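Report on one structure; see the data block that follows.
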Amino acid sequence: MVKWLSKDLKDLNDRYMKMLMLDSYPVAVKMVSDEAEFEKVVQDVSVRLIEGKNLAVCQVLRQPSYCGCPVAVKKNNLSFCIAGAAAFGFQELPHDYPDTLVGYHFINEEIARRTFANVPKFWLGQYFGMLLAPLDQMPVDPDVVLFFGNTAQMYRFIQGYNVDKGERLKFAVIPVVGCAQMVVAPIKIGKINITFGTTGFRLLGWPSDTGSCCSVPANLLEDILKGMEYNHRGFVRYPLFWQIFDIELPPGNLVRNVIYDYKSGGFGMQQYRNKK
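For the sequence shown, position 65 matches number 65 in this note's numbering, and the numbering has no gaps at all.
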């Protein structure tokens, strides 16, 4: 595990923001193993402690990216979504829970249970709670960092990761329990995971129809960023510049007819006049 200092995390955050032009904070996640560790973290840093309510894991995952501050939560405040809580090892999943999704999510019990068998999971009782924070405010070494963005931004992670590897990447993606695919999967497999907000995630914590998420294990943060910076110098970057922006459009081009040769009676303007 890489040991980070706060100034190093801030530097990583600033460089990622420069490479990707993200419109929300990258979320660093630390799984806290016991109560003593949890209480120490809460006492030592300025953190928003979630208590007195019962939330879903997905709701908490997005809070630092919106509010821009550290958030801490114990497992007994994260049982609103049974499937998410079970995947994080906070409680057991009732054996018949997958059956409740039959009739709209899955066609029968066999398919539902097979899908849930593929949900990445921590073992029961492995963690006491979670600490989450914008990457540049994380007070301890994170386990994984979540980057939310569009598909072009997510593709930069593939390019940055693969600049010196040449691998065919595979991602853990199933249609349920998106929080587990964002946190549990990359921690367990030790590689980046690009996934999407599932229905529950979008309803409760991520109101986006177009976004996706790349989860980066902490020990890969520096290598992937260096890869991004390397191919950024060769114009493999975000955003790409439109090749047409420095090209004069030829005579007869539809856009040129409308914008520049507007008196020529070309196809574009003639079509407009006919409508008039």
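From the three backbone atoms N, C-alpha and C, an ideal C-beta is built for every residue, glycine too.
Quick caveat: nothing in here was measured; it's all calculated off a predicted structure.
Three-state class that DSSP yields for residue i in the structure shown
i, result
"residue 228", "helix"
"residue 30", "strand"
"residue 195", "strand"
"residue 179", "helix"
"residue 276", "The predicted model places residue 276 with a pLDDT of 48, which falls under 50 and marks its position as unreliable, so this point remains unresolved."
"residue 130", "strand"
"residue 42", "helix"
"residue 257", "helix"
"residue 116", "helix"
Straight-line gap, residue i to residue j (C-alpha atoms, nearest Å)
i, j, result
"residue 49", "residue 176", "27 Å"
"residue 114", "residue 28", "31 Å"
"residue 216", "residue 75", "23 Å"
"residue 92", "residue 154", "33 Å"
"residue 118", "residue 256", "54 Å"
"residue 191", "residue 220", "8 Å"
"residue 116", "residue 106", "11 Å"
"residue 160", "residue 232", "9 Å"
"residue 52", "residue 225", "39 Å"
"residue 137", "residue 57", "20 Å"
"residue 202", "residue 250", "45 Å"
"residue 132", "residue 230", "29 Å"
"residue 276", "residue 241", "Its pLDDT being 48, under 50, residue 276 is placed unreliably in this model, and the coordinates cannot settle the point."
"residue 207", "residue 248", "40 Å"
"residue 108", "residue 174", "16 Å"
"residue 88", "residue 66", "22 Å"
"residue 124", "residue 35", "15 Å"
"residue 43", "residue 72", "11 Å"
"residue 59", "residue 178", "11 Å"
"residue 165", "residue 182", "23 Å"
"residue 99", "residue 7", "48 Å"
"residue 16", "residue 94", "40 Å"
"residue 40", "residue 234", "46 Å"
"residue 10", "residue 26", "11 Å"
"residue 135", "residue 205", "19 Å"
"residue 189", "residue 246", "45 Å"
"residue 126", "residue 180", "14 Å"
"residue 200", "residue 122", "20 Å"
Residue-level contact to chain C via CB, residue i, 9 Å cutoff
i, result
"residue 245", "You won't find chain C in this structure, because it holds only one protein chain."
Cβ neighbours of residue i in the same chain (closer than 6 Å, five flanking residues each side left out)
i, result
"residue 69", "48"
"residue 238", "20, 152, 153 and 156"
"residue 185", "120, 172 and 193"
"residue 38", "32, 128 and 129"
"residue 268", "Any reading at residue 268 must be qualified, since the residue scores a pLDDT of 47, below 50, and its modelled position is unreliable; the value itself is stated next. Once the five neighbours on either side are set aside, the close Cβ partners of residue 268 are 254, 257 and 258."
"residue 90", "75 and 78"
"residue 24", "65 and 148"
"residue 273", "At residue 273, the pLDDT of 49 sits below 50, so the modelled position is not reliable; the number obtained from the coordinates is stated separately. Taken in chain order, the list of residues that qualify is empty."
Close-in-space but distant-in-sequence residues of the same chain around residue i (CB under 8 Å, 5 per side omitted)
i, result
"residue 162", "169 and 227"
"residue 150", "210, 211 and 212"
"residue 101", "112 and 176"
"residue 260", "249"
N- and C-terminal bounds of the beta strand (DSSP E) containing residue i
i, result
"residue 50", "48–50"
"residue 147", "144–149"
"residue 217", "212–217"
"residue 21", "No beta strand (DSSP E) contains residue 21, which DSSP labels as neither H nor E."
"residue 188", "Run containing residue 188: none in the beta strand (DSSP E); it sits in the alpha helix (DSSP H), 184–189."
"residue 277", "Outside the displayed range of the chain (1 to 276) lies residue 277, so it cannot be described from this structure."
Residue i, enclosing alpha helix (DSSP H) - first and last residue
i, result
"residue 64", "57–67"
"residue 174", "From DSSP, residue 174 is part of no alpha helix (DSSP H); its letter is neither H nor E."
"residue 107", "Per DSSP, residue 107 belongs to no alpha helix (DSSP H) and is neither H nor E."
"residue 84", "82–87"
Close-in-space but distant-in-sequence residues of the same chain around residue i (CB under 7 Å, 5 per side omitted)
i, result
"residue 97", "82 and 83"
"residue 54", "77, 79 and 80"
"residue 144", "29, 183, 186, 187, 215, 216, 217 and 218"
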